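Since the structure comes first, as structure tokens, the remarks are kept for the end.
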Amino acid sequence: MPERLNMVLDRAPGAASATDVSSGKGKADENFPVGSVLIARSLRPHVHAYYAFARAIDDIADNAVLPSDQKIARLDTMQAVLLGRQESGPDLTRAEIASAVGLRDSLARTGIEPARGTDLIVAFRQDCVKHRYASWAELLDYCRYSANPVGLYLLDLHGEGAATHAPSDALCSALQVLNHLQDCKADLDELGRCYLPESWLAQAGQTVESVRGERLTTGLRQVLDQALDQVDRLNREAARLPGLIADRRMRLEAAVIVGLSHRLARRLRRQDPLARRVKLSRGDVGVSLLATLRHLL
């Protein structure tokens, strides 16, 4: 750990006693590779710093014990540390402080705008107080902050141009919605959240409570397929992304992720996420890797 970060942590009164809200999730739990070997070795520490910060603030928002006001206060402190307005806070653990300071230092070295981190905080503050989404448009607006900054960060890190932004946003939004479909039952049971558009549920004769079932009803299957129709539209836009990326390694990384998004969408068409969590297999990753060979040229 850098010496300056050690000094910050040593000056953080109360940090050791702050409530640990870590979920225990790591890079292996994600649907997409995080800082994989496809990313240049010199850039991987920056990707890992970004992921550590994103994981920390996500865990704060997803904590099932802390009251909403305490979560928001904690997120506010994380933002203040990220922006250099303070060095620590008694409501943060040492690990949380380390993630915010680590990303702050990384952004300073790479010249990437802090909004790539603070936009995530906008979404996670929202998660603390907003548990229902009336429409698809509302859900996409949430994805604009909860997922799209991740892709934009990676593109910035590789010096890619604005032409890549729209297909990257489509890919990240698709992945976010797919994650919501995977975890729709757990999100409701554990966090009280439902990301399925309420207007679609009503049209199908369903309610949010329908998501608590052991298996999909016909109406709920209709809602999921409606969401997957929109994901397919996003994935078609996302398919343009690899061809627009100049950096060869990042182009391959994007191609793998696009392939995984398509494969996960197909799995969710065939399987029931209420009966069992639908997830990608190692075979899916292998097939997506092989499919990237055409992007080597």
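The numbering used here puts the last residue of the sequence shown at 306; the count rises by one with no breaks. Glycine residues also receive a C-beta, built at the ideal position from the N, C-alpha and C atoms. None of the values given here were measured: they were computed from a predicted structure.
(request) Could you tell me if glutamate 223 is buried or exposed, where buried requires 16 or more neighbouring beta carbons within 10 angstroms of its beta carbon? (result) As a working note, residue 223 is residue 214 in the sequence shown. Exposed is the call here.
(request) Would you mind stating whether aspartate 67 and phenylalanine 133 have Cβ atoms separated by less than 9 Å? (result) Position 58 of the sequence shown holds residue 67. Position 124 of the sequence shown holds residue 133. For aspartate 67 and phenylalanine 133, yes; Cβs fall inside 9 Å.
(message) What does the Cβ neighbour count give for aspartate 38, buried or exposed, with the cut at 16 atoms within 10 Å?
(response) Residue 38 sits at position 29 when you count from the first residue of the sequence shown. Only weak support is given to the placement of aspartate 38: the predicted model assigns it a pLDDT of 49, under 50, and the question is left unresolved by the model.
(message) With the cut-off set at 9 Å, would you say proline 158 and leucine 129 are in Cβ contact?
(response) In the sequence shown, residue 158 corresponds to position 149, counting from 1. In the sequence shown, residue 129 corresponds to position 120, counting from 1. Yes, these two residues count as a Cβ contact at 9 Å.
(request) Using three-state DSSP, classify aspartate 38 as helix, strand or coil. (result) For the purposes of this step, residue 38 is taken as the residue at position 29 of the sequence shown. Since pLDDT at aspartate 38 reaches only 49, below the 50 mark, its modelled position is unreliable, and no value is offered.
(request) State the CB to CB distance for the pair alanine 179 and leucine 243, rounded to an integer number of angstroms; the pair is presumed to be in contact (CB under 8 Å). (result) Start at 1 with the first residue of the sequence shown, and residue 179 comes out as number 170. Start at 1 with the first residue of the sequence shown, and residue 243 comes out as number 234. That pair is a contact at about 4 Å.
(request) Go to aspartate 256, then tell me how far its alpha helix (DSSP H) extends in each direction, as first and last residue. (result) Within the sequence shown, residue 256 is the residue found at index 247, counting from 1. Neither: aspartate 256 is in no alpha helix (DSSP H) and is coded neither H nor E.
(request) Rank Ser208, Arg260, Leu190 by C-alpha distance to the C-alpha of lysine 288 and give the top, closest one. (result) Taking the sequence shown and counting its residues from 1, the one referred to as residue 288 is at position 279. Nearest C-alpha to lysine 288: Leu190.
(message) DSSP three-state label for leucine 92, please.
(response) Taking the sequence shown and counting its residues from 1, one reaches residue 92 at position 83. DSSP places leucine 92 in coil when its eight states are reduced to three.
(request) Alpha carbon to alpha carbon, how far is arginine 83 from threonine 102? Give it in angstroms, no decimals. (result) Stepping through the sequence shown from its first residue, residue 102 is reached at position 93. Stepping through the sequence shown from its first residue, residue 83 is reached at position 74. Looking at the two C-alpha atoms, the distance is approximately 10 Å.
(message) With distance defined between alpha-carbon atoms, name the residue in Ala263, Glu199, Ser270, Ser51 nearest to threonine 173.
(response) Against the sequence shown, residue 173 aligns to sequence position 164. Answer by Cα proximity: Ala263.
(message) Whole angstroms are fine: how far does the CA of glutamine 239 sit from the CA of threonine 216?
(response) Within the sequence shown, residue 216 is the residue found at index 207, counting from 1. Within the sequence shown, residue 239 is the residue found at index 230, counting from 1. In this structure, the CA atom of threonine 216 is about 20 Å from the CA atom of glutamine 239.
(message) Could you tell me the alpha carbon to alpha carbon distance between glycine 170 and isoleucine 106, rounded to whole angstroms?
(response) Mapped onto the sequence shown, residue 170 falls at position 161. Mapped onto the sequence shown, residue 106 falls at position 97. Whole-angstrom Cα-Cα distance: 32 Å.
(message) Among Val56, Pro282, Tyr142, Gly160, whose alpha-carbon lies nearest the alpha-carbon of glutamate 207?
(response) The count along the sequence shown starts at 1 and reaches residue 207 at position 198. Out of Val56, Pro282, Tyr142, Gly160, Tyr142 has the C-alpha closest to the C-alpha of glutamate 207.
(message) By alpha-carbon positions, which one of Val110, Arg257, Asp241 ends up nearest to glutamine 95?
(response) Reading the sequence shown from its first residue, position 86 is the one you call residue 95. Considering only alpha carbons, the answer is Val110.
(request) Please report how far the alpha carbon of leucine 210 lies from the alpha carbon of proline 123, in whole angstroms. (result) Position 201 of the sequence shown holds residue 210. Position 114 of the sequence shown holds residue 123. Straight-line Cα distance between these residues: approximately 37 Å.
(request) Give the straight-line distance between the Cα atoms of cysteine 203 and arginine 50, rounded to the nearest whole angstrom. (result) Mapped onto the sequence shown, residue 203 falls at position 194. Mapped onto the sequence shown, residue 50 falls at position 41. If I take the Cα positions, the gap works out to 39 Å.
(request) Report yes if the C-beta distance between alanine 284 and valine 267 is below 9 Å; otherwise report no. (result) Stepping through the sequence shown from its first residue, residue 284 is reached at position 275. Stepping through the sequence shown from its first residue, residue 267 is reached at position 258. Cβ distance not < 9 Å, so alanine 284 and valine 267 don't count as in contact.
(message) Here's the rule I'm using: 16 or more other beta-carbon atoms within 10 Å means buried, otherwise exposed. How should lysine 139 be labelled?
(response) If you number the sequence shown from 1, residue 139 lands on position 130. By the neighbour-count definition (other C-beta atoms within 10 Å, threshold 16), lysine 139 is an exposed residue.
(request) Would you mind working out which of Pro282, Arg275, Val90 sits nearest aspartate 196, comparing C-alpha positions? (result) Taking the first residue of the sequence shown as 1, we reach residue 196 at position 187. Of the listed residues, the one whose Cα sits closest to aspartate 196 is Pro282.
(message) At the level of alpha carbons, what is the spacing between valine 232 and aspartate 198?
(response) Start at 1 with the first residue of the sequence shown, and residue 232 comes out as number 223. Start at 1 with the first residue of the sequence shown, and residue 198 comes out as number 189. Near 19 Å, if we compare the C-alpha coordinates of aspartate 198 and valine 232.
(request) Return helix, strand or coil for valine 74, following the three-state DSSP convention. (result) Numbered from 1 along the sequence shown, position 65 holds the residue referred to as residue 74. Coil, per DSSP.
(message) I'd like the span of the alpha helix (DSSP H) that includes glycine 111, first residue to last.
(response) The residue given as residue 111 occupies position 102 in the sequence shown. Start and end: 103-119.
(message) With a threshold of 6 Å on Cβ separation, who are the neighbours of methionine 87 within its own chain once the five nearest residues in sequence on each side are excluded?
(response) Position 78 of the sequence shown, counting from 1, holds the residue named residue 87. So the qualifying residues of the chain are Ile66, Ala109.
(request) Evaluate alanine 146 with the Cβ neighbour count: other Cβ atoms within 10 Å of its Cβ, from every protein chain shown; 16 or more gives buried, anything less gives exposed. (result) Numbered from its first residue, the sequence shown carries residue 146 at position 137. Per the 10 Å Cβ criterion, exposed.
(request) Would you mind giving the Cβ-Cβ distance between serine 177 and leucine 166, rounded to the nearest angstrom? I have them listed as a contact below 8 Å. (result) Here residue 177 refers to the residue found at position 168 when the sequence shown is read from its first residue. Here residue 166 refers to the residue found at position 157 when the sequence shown is read from its first residue. Their Cβ separation, rounded to whole angstroms, is 12 Å, which puts serine 177 and leucine 166 out of contact at 8 Å.
(request) Taking all protein chains shown into account, decide if glycine 160 is buried (16 or more other Cβ within 10 angstroms of its Cβ) or exposed. (result) Within the sequence shown, the letter at position 151 stands for residue 160. Looking at its Cβ environment, which holds 16 or more other Cβ atoms inside 10 Å, glycine 160 is buried.
(message) I'd like to check one pair, tyrosine 60 with arginine 125: are the Cβ atoms closer than 9 Å?
(response) Against the sequence shown, residue 125 aligns to sequence position 116. Against the sequence shown, residue 60 aligns to sequence position 51. No, the Cβ-Cβ distance between arginine 125 and tyrosine 60 is not below 9 Å.
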